[in-house]
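Asks: Taken in sequence, the protein lines are chains R and Z. For what it's worth, our numbering labels the leading residue of the first sequence as 1, then goes sequentially. For what it's worth, our numbering labels the leading residue of the second sequence as 1, then goes sequentially. Here's a structure for you.
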Amino acid sequence: MKARELLSRVVSPETLRDIIIQIIAILMAFLVGAGVLLVTGYNPVDAYAAMFRGAFGDVFRVGQTLTQATPILFTALAFLFSFKSGLFNIGAEGQFLAGAFASALVGISFQNLPAPLHVLLALAAGAVAGGLWGLIPAVLKTRFGAHEVITTMMLSYVALYLTSYMVNYPFKAPGWVSQTVMIAESARLPRLLQGAQLSASIFIALALVLLTRFILNRTILGYEIRATGLNPSAAENAGIDVKRGMILALVVSGAIAGLGGSGEIMGVHRRFIDGFSPGYGWDGLAVALVGGLSPVGSLLAAILFGALRSGGMIMTRVTGVPLDIVFLLQALVILFVAAPSLIRAILKRGGLRW
Amino acid sequence: MVGLVDVISVGLFAAALRMATPIVYAALGGIFSERVGIINIGLEGTMLASAFAGVTASYYTGNPWLGVVVAVLVGGLIGLLHAILTVKFVGNQIVSGTGINIFAMGFTAYMSQIIWGSRGASEGVRGLGTWNIPFIADLPVVGPIIGSHSPLVYLMLVVTVLSYVVLFRTPLGLRIRAVGEHPTAAETAGIDVLRVKYLCVILSGMLAGLGGAFLSLGHLNLFTRGMTGGRGFIAMAAMIFGKWMPFGAFGASLLFGLADALQMRLQSLGLLPPQIILTIPYLLTVAVLAGVVGKARPPSDYKPYKRE
Numbered sequence: 001m002k003a004r005e006l007l008s009r010v011v012s013p014e015t016l017r018d019i020i021i022q023i024i025a026i027l028m029a030f031l032v033g034a035g036v037l038l039v040t041g042y043n044p045v046d047a048y049a050a051m052f053r054g055a056f057g058d059v060f061r062v063g064q065t066l067t068q069a070t071p072i073l074f075t076a077l078a079f080l081f082s083f084k085s086g087l088f089n090i091g092a093e094g095q096f097l098a099g100a101f102a103s104a105l106v107g108i109s110f111q112n113l114p115a116p117l118h119v120l121l122a123l124a125a126g127a128v129a130g131g132l133w134g135l136i137p138a139v140l141k142t143r144f145g146a147h148e149v150i151t152t153m154m155l156s157y158v159a160l161y162l163t164s165y166m167v168n169y170p171f172k173a174p175g176w177v178s179q180t181v182m183i184a185e186s187a188r189l190p191r192l193l194q195g196a197q198l199s200a201s202i203f204i205a206l207a208l209v210l211l212t213r214f215i216l217n218r219t220i221l222g223y224e225i226r227a228t229g230l231n232p233s234a235a236e237n238a239g240i241d242v243k244r245g246m247i248l249a250l251v252v253s254g255a256i257a258g259l260g261g262s263g264e265i266m267g268v269h270r271r272f273i274d275g276f277s278p279g280y281g282w283d284g285l286a287v288a289l290v291g292g293l294s295p296v297g298s299l300l301a302a303i304l305f306g307a308l309r310s311g312g313m314i315m316t317r318v319t320g321v322p323l324d325i326v327f328l329l330q331a332l333v334i335l336f337v338a339a340p341s342l343i344r345a346i347l348k349r350g351g352l353r354w
Numbered sequence: 001m002v003g004l005v006d007v008i009s010v011g012l013f014a015a016a017l018r019m020a021t022p023i024v025y026a027a028l029g030g031i032f033s034e035r036v037g038i039i040n041i042g043l044e045g046t047m048l049a050s051a052f053a054g055v056t057a058s059y060y061t062g063n064p065w066l067g068v069v070v071a072v073l074v075g076g077l078i079g080l081l082h083a084i085l086t087v088k089f090v091g092n093q094i095v096s097g098t099g100i101n102i103f104a105m106g107f108t109a110y111m112s113q114i115i116w117g118s119r120g121a122s123e124g125v126r127g128l129g130t131w132n133i134p135f136i137a138d139l140p141v142v143g144p145i146i147g148s149h150s151p152l153v154y155l156m157l158v159v160t161v162l163s164y165v166v167l168f169r170t171p172l173g174l175r176i177r178a179v180g181e182h183p184t185a186a187e188t189a190g191i192d193v194l195r196v197k198y199l200c201v202i203l204s205g206m207l208a209g210l211g212g213a214f215l216s217l218g219h220l221n222l223f224t225r226g227m228t229g230g231r232g233f234i235a236m237a238a239m240i241f242g243k244w245m246p247f248g249a250f251g252a253s254l255l256f257g258l259a260d261a262l263q264m265r266l267q268s269l270g271l272l273p274p275q276i277i278l279t280i281p282y283l284l285t286v287a288v289l290a291g292v293v294g295k296a297r298p299p300s301d302y303k304p305y306k307r308e
């Protein structure tokens, strides 16, 4: 039991138990996925092996995995931040799109700015736009009691259609595709790998992992946010301005998601293309949950989901398994993670006690 | 402005009723679930899975009505899954619903590729066709609007009335509302809270299943990838806009259906960008929640219920 003692010094027994439950949930999802593959006439071992090689086979593939992981790490952190204050920001998609469009706008509006300034300006625009898109539901919540789950979701659709309008009408580039013109060279984030789309956006995401962890665990603001999330009335009694905490949490959450959108525009696409996000905002919720609602856990979960996406494409090419098995696996992970007591009940039936 | 006059026609209102139909079904489903304190954000995925199941059944049996039955059963099964995760295992309702949505998207696209070899769409199947209601179909103005529709449009009208009757005119309805509003008091009064919750969440899935069946068997006669296109979320908006009342949700759905029908017609005329019109249901919902257009008070606090 020496290993266990050693481990308990790094993480608390509760955390360890949570981690084990998350891992079991992921394994169960892959197990059910294997069943689906078998029933539909595919060899699950071949499929998963191809997926793994596709996700981590060489430097380029790892780069693709990290490229896919980056935007969902942003939206996961965004979800996490609001969740800690007891709010369900499921509208990261809208804040992501708002940020993306604002960065694109700054990117195409200036031509002669020095590069570092232009990049900072475009990032700031993305964070502000995302933050504003988070401020609306925050105000609606604190002033009118409007449930943030519905308002953030509805505002996501509003952002989707408004940005679509923007790139179909006022800011449409010449040609058939609904997109803006390319952003200026000076507003682009550098790419990190020859021939791959992995960009410096991932460093911003990694910095945010540390920053989120620091803010939530080591600052007064983080303490107030967590206290609000755990028990709003107790926090109120302790002299914490609960409404202010909620507004701050949603604004910061929106700003993080907005920066994710900026990163995609400035690093990957270099222009705003209609429908460029395949639902990164929705994935964020899943990633944060699979990551056990911790910043570092979110990073690991984002890599897992990124690997599913990038490895899935190779799996499809090699084995012919439809790519959609990837979404099936993601959904299964979410469903198993949705109810931790379900996993506990399954373990109990297997004779394991917690 | 000649174009605008052409747009406001009987055809527009008939289309609005058609467009509203799946939204009404899902909104009614949402009402039953939320009335017992369970948020069902998985309505979107439930509709999609049922739309797929209905087409698959019709494809293999050639009987679209059997397809409707299968769609409703699949909807009920998904409702059951949501109930098990959220009622029995007290899992988070939003997370479970999101899982269901992503699951339905992935599963239907995967299976449609297995069965028809296409990621985009199924083969065409036998649909339900339309019913011409004798006498009414021949009336001027009214006839073209309500006289000739898919049978599931008429069923939707019946189900709306039934939902109202069940919720507000029967002892069961009283129990349902009690469970959502005050579970502890309901339990004290001898109501099996958990059973009522299960029943309503399963029913919620079955109603969304009818909405899905309408989309694939009453409207297009095939399954296309992601064919619900956010209607499950619009239905939640309609439910709130209608203040968790069946007729209210029906009215709101009609309004959203009209916006949808208008959007398609205006698009062909180029009068107003379709994207702007498409934001209307969502903005209206936010306005309702903010109390701009009348206050909306949820029928429950959605807290998980644990027996003492």
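Glycine is no exception: its CB is placed at the ideal position from the N, C-alpha and C atoms.
Taking 9 angstroms as the CB-CB cut-off, is TRP354(R) touching chain Z?
Replies: Reliability of the predicted coordinates at TRP354(R) is poor, the pLDDT of 49 falling under 50, and the value obtained from them is presented with this limitation in mind. So, not an interface residue.
Asks: Taking 7 angstroms as the limit between beta carbons, can you name the residues of its chain near MET1(Z), skipping five residues before and five after?
Replies: Confidence is the limiting factor: at MET1(Z) the pLDDT is only 43, short of 50, which leaves the residue's position unreliable and the question unanswerable from this model.
Asks: Is the segment 59 to 76 of chain Z touching the segment 202 to 217 of chain Z, taking contact as three or more C-beta pairs under 8 angstroms?
Replies: Taking 8 angstroms as the limit for Cβ pairs, the verdict is that the segment 202 to 217 of chain Z does touch the segment 59 to 76 of chain Z.
Asks: On the CB-based measure, 16 or more other CB atoms within 10 Å of its CB, does PHE309(Z) come out buried or exposed?
Replies: The requested residue 309(Z) is not part of the displayed model; chain Z covers only 1 to 308.
Asks: Going straight from the alpha carbon of ARG317(R) to that of ALA50(R), what length do you get?
Replies: 9 angstroms
Asks: What is the DSSP secondary structure of GLN179(R), counted as helix, strand or coil?
Replies: strand
Asks: Step through the CB atoms of chain Z and report whether any lies within less than 9 angstroms of the CB of SER262(R).
Replies: no
Asks: Identify each residue in the segment 222 to 235 of chain Z for which the Cβ-Cβ distance to at least one residue of chain R is less than 7 angstroms, and report them in chain order.
Replies: Taking a C-beta cut-off of 7 angstroms against chain R, the contacting residues of the segment 222 to 235 of chain Z are GLY230, PHE233, listed in chain order.
Asks: What separation, rounded to the nearest whole angstrom, lies between the Cα atoms of ASP324(R) and GLU187(Z)?
Replies: 44 angstroms
Asks: Taking only three categories from DSSP, how would you classify ARG344(R)?
Replies: Correct three-state label for ARG344(R): helix.
Asks: What do you get for TRP133(R), buried or exposed, if any count of 16 or more other CB atoms within 10 angstroms of its CB means buried?
Replies: Buried is the call here.
Asks: Does the segment 61 to 71 of chain R touch the segment 19 to 27 of chain Z, meaning 3 or more C-beta pairs lie closer than 8 angstroms?
Replies: Touching, no.
Asks: Please confirm if GLN267(Z) has its CB atom under 9 angstroms from at least one CB of chain R.
Replies: no
Asks: Closer than 9 angstroms, Cβ to any Cβ of chain Z: which residues of the segment 263 to 282 of chain R, in chain order?
Replies: GLY279, TRP282
Asks: So with Cβ pairs under 9 angstroms, would you call ALA15(Z) a contact of chain R?
Replies: no
Asks: How about ASP18(R): is its C-beta nearer than 9 angstroms to some C-beta of chain Z?
Replies: no
Asks: In whole angstroms, give me the CA-to-CA distance for PHE247(Z) and LEU17(Z).
Replies: 14 angstroms
Asks: Which ranges would you report for the alpha helix (DSSP H) in the segment 34 to 119 of chain R if only whole runs of at least 4 residues count?
Replies: 44 to 56, 59 to 84, 92 to 109
Asks: Suppose the cutoff is 6 angstroms on Cβ atoms and the five residues either side in sequence are ignored; what does the same chain contact list for LYS306(Z) look like?
Replies: none
Asks: So which residues on chain B does MET156(Z) lean against when the C-beta distance must stay under 7 angstroms?
Replies: Protein chains R and Z are contained in the structure displayed, whereas chain B is not.
Asks: Taking all protein chains shown into account, decide if GLY211(Z) is buried (16 or more other Cβ within 10 angstroms of its Cβ) or exposed.
Replies: buried
Asks: Would you say the segment 83 to 93 of chain R touches the segment 275 to 285 of chain R, given that touching needs at least three Cβ pairs under 8 angstroms?
Replies: yes
Asks: Quick one: residues in its chain with C-beta nearer than 7 angstroms to the C-beta of TRP354(R), no 5 flanking neighbours on either side, listed in chain order?
Replies: Because the pLDDT at TRP354(R) is just 49, under 50, the model does not fix this residue reliably, and the point stays unresolved.
Asks: Can you grab the Cα-Cα spacing for the pair ILE19(R) / MET245(Z), in whole Å?
Replies: 43 angstroms
Asks: Which residues in the same chain as LEU193(R) place their Cβ atom closer than 8 angstroms to its Cβ, once the five residues preceding and following it in sequence are excluded?
Replies: VAL59, PHE60, GLY63
Asks: Looking only at its chain, what residues have a beta carbon closer than 7 angstroms to the beta carbon of ALA138(R), apart from the 5 residues adjacent to it on each side?
Replies: MET246, ILE247, LEU250, VAL251
Asks: Between PHE74(R) and ALA205(R), how many whole angstroms is the CB-CB distance? I'm expecting something under 8 angstroms.
Replies: Going by Cβ atoms, the distance from PHE74(R) to ALA205(R) rounds to 6 angstroms, so yes, they are a contact pair.
Asks: Just to confirm before moving on: does the CB-CB distance between GLY97(Z) and GLY42(Z) stay below 9 angstroms?
Replies: yes
Asks: Would you please verify whether the beta carbon of VAL2(Z) is less than 9 angstroms from any beta carbon of chain R?
Replies: Legend: pLDDT at VAL2(Z) = 46, less than 50; position of this residue unreliable, value from coordinates given subsequently. Output row for VAL2(Z): interface = no.
Asks: Does TYR56(Z) have its Cβ less than 9 angstroms from a Cβ in chain R?
Replies: For clarity, residue 56(Z) is Thr in the given sequence; the question names Tyr instead. Residue-level contact check: THR56(Z) does not touch chain R, since none of the beta carbons of chain R fall below 9 angstroms from its beta carbon.
Asks: Among the candidates LEU31(R), PHE30(R), ALA47(R), VAL32(R), whose CA atom is the shortest distance from the CA of THR319(R)?
Replies: Among LEU31(R), PHE30(R), ALA47(R), VAL32(R), the Cα nearest to that of THR319(R) is on ALA47(R).
Asks: Leaving out five residues on either side along the sequence, give the residues of the same chain with a beta carbon under 8 angstroms from the beta carbon of ALA238(R).
Replies: ALA227
Asks: Round the Cβ separation of TYR198(Z) and ALA83(Z) to the nearest angstrom and send it over; I've been treating them as touching at under 8 angstroms.
Replies: 5 angstroms
Asks: With a threshold of 9 angstroms between beta carbons, is PHE107(Z) in contact with chain R?
Replies: yes
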